[in-house]
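Engineer: Questions regarding the structure given below will be posed in turn.
Numbering (UniProt numbering), first residue to last: 1 to 159.
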């Protein structure tokens, strides 16, 4: 059974590893150097701190995923930017734990965690060519709010 715990600064390496998975195409993660070299990707980990909220999904004593928020400004050029007052969600599971319902558990547990910490709304982005991710966000209560050439931006209002 999966559980969550608060993310800490000691989890930064794990968040960077997960960022590689998110930033790449399915089955083709980017290298850490590629992620660090692209400010539109690096911003999801660079500058993150536990006060911006994050959780680690655990299977027994093994980290299998994470969800975390980043607060951005328009100049940060993040993928799912909506407003400087609305944090953006990053969420990933390591590949061997995908497709087992743990992603939905992590999403739902993190949204409840964020709401308990006073977060009112959360944005997220999905590639146009990622219908599974689009469905995953919709099932979690996210609604599309804008569409770009390659991305769809979603918004979740915590209730």
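Even for Gly, the Cβ is constructed at its ideal location relative to N, Cα and C.
Since the model is a prediction, treat every value here as computed from it, not as a measurement.
(1) Below 6 Å CB to CB, which residues in the same chain sit around residue 106 once its five sequence neighbours on both sides are set aside?
(2) Who does residue 88 pair with in a DSSP beta bridge?
(3) Give the DSSP-derived three-state secondary structure of residue 53 in the structure shown.
(4) Please name the residue, chosen from 54, 21 and 23, that lies closest to residue 109 on a Cα-to-Cα basis.
(5) With distances taken Cα to Cα, identify the nearest neighbour of residue 104 among 95, 87, 139 and 94.
(6) Alpha carbon to alpha carbon, how far is residue 2 from residue 141? Give it in angstroms, no decimals.
(7) For residue 96, report the span of its alpha helix (DSSP H) as first-last.
(8) If distances are taken between C-alpha atoms only, which option among 119, 28 and 79 comes closest to residue 150?
(9) Residue 144 to residue 135, Cα distance in whole Å?
(10) So, using beta-carbon positions, are residue 123 and residue 88 closer together than 9 Å?
(11) Among the residues of its own chain, which have a CB less than 8 Å from the CB of residue 29, if the five just before and after it don't count?
(12) Among the residues of its own chain, which have a CB less than 8 Å from the CB of residue 153, if the five just before and after it don't count?
(13) Put residue 113 into one of helix, strand or coil per three-state DSSP.
(14) Take residue 98 as the anchor and find which of 34, 159 and 59 has the nearest alpha-carbon.
(15) Take residue 32 and list the residues in its own chain whose beta-carbon comes closer than 7 Å to its own, dropping the five residues that flank it on each side.
(16) One question on the structure: do residue 94 and residue 121 come within less than 9 Å of each other, judged by their Cβ atoms?
Structural biologist: Judging by the given coordinates:
(1) Counting only residues of its own chain and dropping the five nearest sequence neighbours on each side, residue 106 has a CB closer than 6 Å to the CB of 57, 65 and 67.
(2) According to DSSP, which records beta bridges pairwise, residue 88 is partnered with 70 and 123.
(3) Here residue 53 sits in coil by DSSP.
(4) Taking only the C-alpha atoms, the option nearest residue 109 is 54.
(5) Per the Cα distances, 139.
(6) Taken atom to atom, the span from the alpha-carbon of residue 141 to that of residue 2 is near 21 Å.
(7) Taken as a continuous stretch (DSSP letters only), residue 96 belongs to no alpha helix (DSSP H), as it is neither H nor E.
(8) Residue 150 has its Cα closest to that of 79, out of 119, 28 and 79.
(9) CA-CA distance, residue 144 to residue 135, rounds to 11 Å.
(10) In terms of Cβ geometry, residue 123 and residue 88 form a close pair [threshold 9 Å].
(11) 20, 21 and 23.
(12) Spatial neighbours of residue 153 in its own chain (CB-CB distance under 8 Å, excluding positions within 5 residues in sequence) are listed in chain order as 79, 80, 81, 82, 123, 124, 125, 144, 145, 146 and 147.
(13) The answer is helix: DSSP assigns residue 113 an H, G or I state.
(14) Residue 98 has its Cα closest to that of 59, out of 34, 159 and 59.
(15) Within the same chain, and ignoring the five residues on either side of residue 32 in sequence, the residues whose Cβ sits closer than 7 Å to its Cβ are 16 and 20.
(16) No, the Cβ-Cβ distance between residue 94 and residue 121 is not below 9 Å.
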